[in-house]
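So the sequence shown is numbered by the UniProt record's numbering: it starts at 1 and just counts up by one.
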Amino acid sequence: MEQLARTLSLPRSRVYYLTAEEMHFKIMVTLRASRVERWIRAVKRDFLDAAPIKCVCLDCDFTDPREGRDNQRDVVLQLSVVTKNLVFQICWADEVPQLLKDFLQDTKHGEHEA
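Following this line, the structure appears as structure tokens:
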């Protein structure tokens with residue numbers, strides 16, 4: 001895992017439940033690499049491994065280019081599989097897990113920007 005030097009007094013992880021149009025969504029918001037790994041393993045086991053057609057929705061938010069930075073940084077990485085959603089606040093994360101990098105490079109599932 002790639003270590004990141006971040007210290008914050010924010011909650012490290014939170015789970016939210018949302019119901020919209022009779023669909024129930026679970027949203028994990030986290031700064032913890034271990035929670036990201038757990039989410040990836042769960043969606044692979046529960047949905048992706050058995051699905052003939054695999055789809056993972058991906059969205060990223062970056063630092064504001066109007067702030068004058070030469071290099072933009074990824075602030076939030078959002079992944080969705082069926083009704084399970086992950087919001088990884090990567091700019092404040094303790095580390096970036098190798099499992100996440102491998103998951104994003106996996107060509108067995110299609111990734112589409114939301």
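Glycine is no exception: its CB is placed at the ideal position from the N, C-alpha and C atoms.
In the DSSP assignment, what are the bridge partners of residue i?
| i | result |
| --- | --- |
| F25 | L18 |
| L77 | C60, F88 |
Figure out for me which residue from the options has the closest Cα to the Cα of residue i.
| i | options | result |
| --- | --- | --- |
| K108 | T19, K54, A50, K44 | K54 |
| F62 | V81, N85, V82, C91 | C91 |
| C60 | D102, D46, V76, L48 | V76 |
| L104 | A51, R66, E37, D46 | E37 |
| Q98 | E22, Y17, S34 | S34 |
| S80 | P52, E21, V29 | V29 |
| R14 | N85, V56, R66 | N85 |
Taking the alpha helix (DSSP H) that residue i falls in, what are its first and last residues?
| i | result |
| --- | --- |
| F62 | First-last for F62: 55–62, but that is the beta strand (DSSP E), not the alpha helix (DSSP H). |
| K101 | 98–105 |
| A42 | 33–43 |
Could you tell me the boundaries of the beta strand (DSSP E) in which residue i lies?
| i | result |
| --- | --- |
| V82 | Per DSSP, V82 belongs to no beta strand (DSSP E) and is neither H nor E. |
For residue i, collect the residues of the same chain with a Cβ closer than 6 Å to its Cβ; drop the 5 residues on either side in sequence, then sort them by chain order.
| i | result |
| --- | --- |
| L31 | R12, Q89, W92, A93 |
| I40 | L99, F103 |
| F47 | V81, V82 |
| Q78 | D59, V87 |
Give me, in chain order, the residues of the same chain whose beta-carbon lies closer than 8 Å to that of residue i; leave out the 5 immediate sequence neighbours on both sides.
| i | result |
| --- | --- |
| T83 | M23, H24, F25, K26 |
| Y17 | H24, F25, K26, I27 |
| E21 | none |
| D49 | none |
| residue 122 | Only positions 1 to 114 of the chain appear in the structure, and residue 122 is not among them; the question remains open. |
Excluding the five sequence neighbours on either side, which residues of its own chain have a C-beta within less than 7 Å of the C-beta of residue i, listed in chain order?
| i | result |
| --- | --- |
| T19 | none |
For residue i and chain B, any beta-carbon pair shorter than 9 Å?
| i | result |
| --- | --- |
| Q78 | Of the chains in the structure shown, none is chain B; there is only one protein chain. |
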